[in-house]
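Trainee:
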Amino acid sequence: MKKNEVYGRSVPINFNPLFRVMKLCLLFTVMLNLSVVAATNAQLKKVSLIMENAELRQVFKKIKQQTGVRFFYNEEKLKNIGNRRIEIHDLELEKALDEILEGTELTYTFLRDVVVIKDRENSREVLETLIQQKRLIRGIVKDEKGITLPGVSVIVKGTQTGVATDINGRFEIKVDDEPNLILQFSFVGMKTKEIKIGNNQELKVVLESAAESLDEVIVTGYQTISKERTTGSFGVITPRNIETKLQSNLSSVLEGQATGVVLDKDGKIEIRGVSTFNAENEPLVVLDGYPIEGGLESINPENIENITVLKDGVAASIYGSRAANGVIVVTTTRGAADRFNVSYKGIVSTILKPQLSKLNRASTSDYIDAELDLYYQNPNRPSTQSVSNMSKVTWLMMQAREGNMTEAEALAEIDKLRNINGLKQAEKYFYRNQLSHQHNIAINGGTEKNRFNAAVNYMYNRGNMIHSDNSRLIFDLKNDWKPSKYISLGLMANVVYTKDEHPVRGWSDLLGYTNTSLIQPYDNLVDPETGKPTTVFSTSTYKIANYEKIANMKDWSYNPIEDVGKETTDTEDIQTRLGGTLKIYIIDGLNIETGGIWTRGNKVEKTTYDRDAYRIRIQYNDATSKTNNASHYFPDGAMIDECQL
């Protein structure tokens, strides 16, 4: 290319119009070349497609996936074009588009990395429309104190179009000319904000600090420090980790949320395994800075802000020997300034009753065979004159030995018992599906000088075993005052009321199945014909015969289903905690904090035996004088055993 050169005396630029025109022409030429290069790069990208009966819209989408080039077109225009078969092998984009649009009334134009699909006769109008549909939005972003924020991400919601604010917190962004567009502003440590553009050309945006998060700090009970400054072994659990777990107590919620924290078969928390076999091995629980009694069951699981699990020397250095089993530090929710919130959460859950057939126990027939083997191999066989409980199989064999019946008759009676499935009956009549429901109401809010949080949690659980249930009511109140920038005062109250009821005779008593048990696997719990609860063979027939002529004796029979609800243990527990803290801020980084907590608890355990309970009737009969029928050395009435802890 031949260059045009101009020689002459140099003159000041401001006074030479010719030089100014040359400068503008050069700038325009460079910009035009850059645009052509960008468009050329897009045209040279390679495309490979094989599509059957495809719409043009689908074809353009595939090309965009391969090249990154975007398409601008009118949907109505594409609908007029029928579906086509496309087969292209490694062609440049420009040649590929020529083949795709061949035979249609459409053509295309490259606008940098955008392909504009248009009618062949009005291409200029389409291009002008595309350019005119953009508008420029300017603005500035500041924090709550009026300080400009550089580096704030400004994105058109639902798209990938975005910019960042400059060092002065200002931004400019071109958007489609639509009034419903929304801009999203996000910045580290600040709450994301969305603003509808509307008809505004200039925006002033204020971002709020996200100060309520405790995700990256460790609360040890005596101090709150950043995660990176903490040493030792610990685990942090936030509300996000546990909000989806539908459990009625905090112990069950924590299971699996931190390494080394497990729940044993009795529902107790263990941290890093068992540390002792004889002494207490439950971890120390610290609530809002103070160790508490009552464990995690006394804490509202819906009122948690942060949980830190301390596992090693860090815990021992703070809490001494009490931290031998680990420490669980719980921080409850505080009210948020300039915000009032009322929330409710309800949970209903059920657990199917236990399937006793899955216990892999011996069948009734096998159990009878084992009992007969023990009888034959026992040199000191029991006598029918024994006053102890005796199973029906043993009693029948003793009847045969003492000549009251033949052994064949006894074995024939025993064979009738082999088809009775007592375990299945126990599953049906002693157990039921567990049903639980929990309700939590929380109210919190306040101002910069006074923040409060109040929560009430009620839980009811109908147990798997009949005549068993428990309930719990927790009330929490926390109030924080800051009358000046040098002083803050915090008060808290926590009241927990629990009630539990369960039968005295549990699993081992009802289904232990020993030769002296009241129930055997071949006992019918209900009458096979009527389906009503019935008595079982249990009490010594010798004892019954000795007392049958004495007046005013009580019934000797044992009806397991009816009797299980006549012996119950009721436990009521109320725990009250009141606490307060005073914090004085001396200078930045130096403050004094003092406080204390007052705890009062009262637990009453009461076991009640109804006057018609089998245990009471037998004791009443056993305490009757044989020589003086009027003398009963056991009072006629119910029995209550009460213990206050």
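Heads up, the sequence shown is in my numbering, so the first residue is 15 and it goes up one at a time.
For each residue, glycine too, the CB sits at the ideal point set by N, CA and C.
All values reported here derive from a predicted model rather than from experimental measurement.
Is residue 390 buried or exposed, if buried means 16 or more other CB atoms sit within 10 Å of its CB?
Mentor: Under this definition residue 390 is an exposed residue.
Trainee: Looking only at its chain, what residues have a beta carbon closer than 8 Å to the beta carbon of residue 105, apart from the 5 residues adjacent to it on each side?
Mentor: So the qualifying residues of the chain are 60, 61, 62, 113.
Trainee: Count Cβ pairs between the segment 519-527 and the segment 566-584 that sit closer than 8 Å; are there 3 or more?
Mentor: With the cut-off at 8 Å, the segment 519-527 and the segment 566-584 touch.
Trainee: Cutting at 7 Å between CB atoms, please list the residues of its own chain near residue 218, excluding the five before and the five after it.
Mentor: Once the five neighbours on either side are set aside, the close Cβ partners of residue 218 are 153, 154.
Trainee: Counting C-beta neighbours from all protein chains within 10 Å, is the total for residue 349 16 or more, i.e. buried, or is it exposed?
Mentor: Buried.
Trainee: Can you tell me whether DSSP reads residue 19 as helix, strand or coil?
Mentor: Residue placement at residue 19 cannot be trusted, given a pLDDT of 38 that sits under 50; the coordinates are not used to answer.
Trainee: Can you check whether the CB of residue 107 is closer than 8 Å to the CB of residue 81?
Mentor: Result yes, Cβ atoms of residue 81 and residue 107 sit closer than 8 Å.
Trainee: Smallest Cα separation from residue 78: which of 127, 123, 115?
Mentor: Ranking the options by Cα distance to residue 78, first place goes to 127.
Trainee: According to DSSP, what are the bridge partners of residue 84?
Mentor: DSSP, once it has assigned bridges, lists 128 as partnering residue 84.
Trainee: When the Cα atoms are used, what is the spatial distance from residue 367 to residue 375?
Mentor: Distance between the alpha carbons of residue 367 and residue 375: 18 Å.
Trainee: Pick helix, strand or coil for residue 267, following the three-state DSSP scheme.
Mentor: DSSP places residue 267 in helix when its eight states are reduced to three.
Trainee: Shortest alpha-carbon distance to residue 305 belongs to which of 363, 647, 609?
Mentor: If we check each option's Cα against that of residue 305, 609 comes out closest.
Trainee: Determine, using beta-carbon pairs with one atom in the segment 587-596 and one in the segment 545-561, whether at least three such pairs fall under 8 Å.
Mentor: No, the segment 587-596 does not touch the segment 545-561.
Trainee: What residue range does the beta strand (DSSP E) around residue 473 cover?
Mentor: Note, residue 473: beta strand (DSSP E), 464-476.
Trainee: Can you tell me the Cα-Cα spacing of residue 257 and residue 533, whole angstroms?
Mentor: Residue 257 and residue 533: Cα-Cα distance of roughly 45 Å.
Trainee: Can you check the segment 511-537 for any alpha helix (DSSP H) of at least 4 residues that lies completely inside it and give the ranges in chain order?
Mentor: You should have 521-525.
Trainee: Quick one, are the C-beta atoms of residue 221 and residue 205 less than 8 Å apart?
Mentor: It is a contact, given that the beta carbons lie within the stated cut-off.
Trainee: Taking only the alpha-carbon atoms, compute the straight-line gap between residue 318 and residue 163 and give it to the nearest angstrom.
Mentor: The alpha-carbon atoms of residue 318 and residue 163 are separated by roughly 33 Å.
Trainee: To which residues of the same chain is residue 296 closer than 7 Å at the C-beta, ignoring the five residues directly before and after it?
Mentor: Same-chain partners within the cutoff: 282, 283, 309, 339.
Trainee: What three-state label does DSSP hand residue 207 in the structure shown?
Mentor: Strand, per DSSP.
Trainee: Is there a C-beta anywhere in chain D that falls below 8 Å from the one on residue 82?
Mentor: In the displayed structure, chain D is absent; only one protein chain is listed.
Trainee: What do you get for residue 647, buried or exposed, if any count of 16 or more other CB atoms within 10 angstroms of its CB means buried?
Mentor: By the neighbour-count rule (16 or more Cβ atoms within 10 Å), residue 647 is not buried but exposed.
Trainee: Looking at C-beta atoms only, is the number of pairs between the segment 495-515 and the segment 462-478 that lie closer than 8 Å three or more?
Mentor: A contact exists between the segment 495-515 and the segment 462-478.
Trainee: Rounded to whole angstroms, what's the CA-CA distance from residue 266 to residue 277? Just pull it up for me.
Mentor: Cα to Cα, residue 266 sits roughly 7 Å from residue 277.
Trainee: For the beta strand (DSSP E) containing residue 654, name the first residue and the last one.
Mentor: Where residue 654 is concerned, the enclosing beta strand (DSSP E) stretches over 653-658.
Trainee: Would a C-beta distance cut-off of 8 Å place residue 333 and residue 344 closer than the cut-off?
Mentor: It is not a contact, given that the beta carbons lie outside the stated cut-off.
Trainee: Just the Cα atoms here: how many angstroms apart are residue 525 and residue 437?
Mentor: Cα to Cα, the separation comes out at about 8 Å.
Trainee: Cutting at 7 Å between CB atoms, please list the residues of its own chain near residue 653, excluding the five before and the five after it.
Mentor: 623, 630.
Trainee: List the whole-angstrom C-beta distance separating residue 651 from residue 625, where the pair is believed to meet the contact cut-off of C-beta under 8 Å.
Mentor: Residue 651 to residue 625, Cβ: 5 Å. Contact.
Trainee: How many angstroms separate the CA atom of residue 354 from the CA atom of residue 224?
Mentor: Approximately 17 Å between the Cα atoms of the pair.
Trainee: Can you tell which of 628, 633, 565 has its C-alpha closest to the C-alpha of residue 641?
Mentor: For residue 641, the nearest C-alpha among the options comes from 565.
Trainee: Excluding sequence positions up to five away, which residues of its chain have a Cβ less than 7 Å from the Cβ of residue 419?
Mentor: The answer, listed in chain order, is 413.
Trainee: Can you tell which of 215, 97, 111 has its C-alpha closest to the C-alpha of residue 103?
Mentor: Closest option to residue 103, Cα to Cα, is 111.
Trainee: When DSSP builds the beta bridges, which residues end up paired with residue 623?
Mentor: DSSP output for residue 623 lists 581, 653 as bridge partner(s).
Trainee: Residue 254 by DSSP, collapsed to three states: which one?
Mentor: In the structure shown, residue 254 sits in a helix (DSSP, three-state: H, G or I).
Trainee: For a test of the three-state rule: what should DSSP assign to residue 508, helix, strand or coil?
Mentor: In this structure, residue 508 counts as strand in the three-state DSSP scheme.
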